[in-house]
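Inspection log for the structure reproduced underneath, given as structure tokens.
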Amino acid sequence: MLPQQELISRLRDLCQQDTRIVAATLYGSFAMGEADKNSDIECVLFIDSSALPSFDKRGWIDQIAPTLAFFKDDFGHYTAIFDSLIRGEFHFDPAESIPNAATWQGNAWFPSAEHAIVIDRTGALHTAMQPLFGPPPERDNAETVERFMYNFANIVLFGLNTLERGELARTFELLGGLHRLLLWMARLVEGSIAHWPTPSRKIEAEISGQAYKRLAECTARLDRGDLARAYRATWTWGSEMIRTLAARHQIAVPETLFARITQTHFPDGDSAH
């Protein structure tokens with residue numbers, strides 16, 4: 001048994017014992033049945049609203065295992081670092097918000113209720129999450145491709161402008177956002193969409209060696225020349241994938257925009273056609 005599973009077992013016991021916990025569900029690796037020794041524990045706790053204002057969040061989590069740190073992070077949840085250095089992410093939501101779990105559709109899915117739900121005293125959580133159980137939702141559609149197409153061109157242009165200004169760190173940061181788009185597009189092209197919300201997850205095993213090599217060519221050091229090279233590689237590969245996906249869904253590529261970016265910023269060498 002993984003040490004995280006021991007903590008989850010303790011979490012389940014606490015939820016059963018504490019009647020203030022109306023419902024709770026795991027999400028992430030353990031809910032997906034994909035966890036390993038490096039995985040985090042991730043859980044949404046739905047708490048009786050009358051008890052929530054006085055609910056001792058850290059005190060409750062410390063009953064799972066002693067924590068070295070417990071804090072509200074930048075993503076809207078609380079992070080615990082247990083004394084074993086296992087990370088935990090916890091949401092403490094009012095029980096009235098249980099129906100909002102239905103809005104996770106598109107961003108979350110689970111193989112089964114048994115993998116995810118820790119406790120559900122009223123049955124409301126099963127009802128709300130029912131659309132999330134089963135195979136991953138369809139991602140390969142015209143709306144998604146069109147959104148990627150315009151966002152890709154916009155961020156490339158943004159990054160090239162900051163590069164010209166000499167803001168290398170900002171250009172580097174924007175390149176990371178482009179990598180995320182490249183990963184999503186590569187997954188669509190190759191039909192590998194299981195880990196869609198975090199497109200880099202298990203990417204080494206889920207796209208072809210050729211696509212992975214193209215991704216590597218789009219990375220850079222914090223250096224003007226290397227960033228320029230990476231943006232060229234990014235524009236070339238991304239444009240190729242956009243054309244493949246646009247043809248698949250019979251949507252129009254904004255040719256004038258793409259040609260103008262190519263002619264202005266990449267006039268010599270690889271074109272995006």
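Each residue of the sequence shown is one higher than the one before, counting from 1 in my numbering.
Glycine included, each C-beta is placed from N, C-alpha and C at the ideal position.
Asked, Found
"Proximity to residue 115 [Cα-Cα], best of 30, 248, 235, 227", "30"
"Distance between residue 214 and residue 272 (C-alpha atoms, nearest Å)", "The predicted position of residue 272 is uncertain, since its pLDDT is 38 and thus under 50; a value taken from the coordinates is nonetheless stated next. If you take the alpha carbons of residue 272 and residue 214, they lie about 14 Å apart."
"Euclidean distance between Cα positions of residue 49 and residue 77", "17 Å"
"Residue 88 - partner residues in DSSP beta bridges", "41, 80"
"For residue 67 and residue 229, the rounded distance between their alpha carbons", "45 Å"
"Residue 274, DSSP secondary structure in three states", "The structure shown does not extend to residue 274, since the chain spans only 1 to 273, so no value can be given for it."
"Cβ contact check for the segment 100-115 and the segment 74-90: 3 or more pairs under 8 Å", "no"
"Cα-Cα separation between residue 37 and residue 199, rounded to whole angstroms", "20 Å"
"Bounding residues of the alpha helix (DSSP H) (the contiguous stretch that carries residue 117)", "Premise fails: residue 117 lies in the beta strand (DSSP E), 117-120, not in any alpha helix (DSSP H)."
"Euclidean distance between Cα positions of residue 64 and residue 220", "42 Å"
"Beta-carbon contacts of residue 241 that lie in its chain and below 7 Å, excluding the five residues immediately before and after", "185, 186, 189"
"Residues of its chain near residue 160, where Cβ-Cβ distance is below 7 Å and the 5 sequence neighbours each way are ignored", "231, 265"
"Residue 157, enclosing alpha helix (DSSP H) - first and last residue", "142-165"
"Host beta strand (DSSP E) of residue 202 (start-end)", "No beta strand (DSSP E) holds residue 202; DSSP gives it neither H nor E."
"With 16 other Cβ atoms within 10 Å as the buried cut-off, status of residue 267", "exposed"
"Residue 71, buried or exposed, once every other Cβ within 10 Å from all chains shown has been counted against 16", "exposed"
"Nearest candidate by alpha-carbon position, reference residue 143, set 1, 263, 251, 4", "251"
"C-beta atoms of residue 129 and residue 169 nearer than 7 Å", "no"
"For residue 68, the first and last residue of its enclosing beta strand (DSSP E)", "67-72"
"Extent of the continuous alpha helix (DSSP H) run through residue 129", "124-129"
"Spatial distance of residue 117 from residue 11 (CA atoms)", "12 Å"
"Proximal residues to residue 223 (C-beta, below 8 Å), its chain only, five neighbours per side dropped", "168"
"Rounded C-alpha distance that separates residue 256 from residue 151", "16 Å"
"Distance, residue 23 Cα to residue 57 Cα", "16 Å"
"Environment of residue 227 [buried if 16+ CB atoms lie within 10 Å]", "buried"
"Proximity to residue 25 [Cα-Cα], best of 233, 132, 153", "132"
"Rounded distance between the beta-carbons of residue 148 and residue 93, thought under 8 Å", "31 Å between Cβ atoms; not a contact."
"Rounded separation between residue 113 and residue 119 - CA only", "10 Å"
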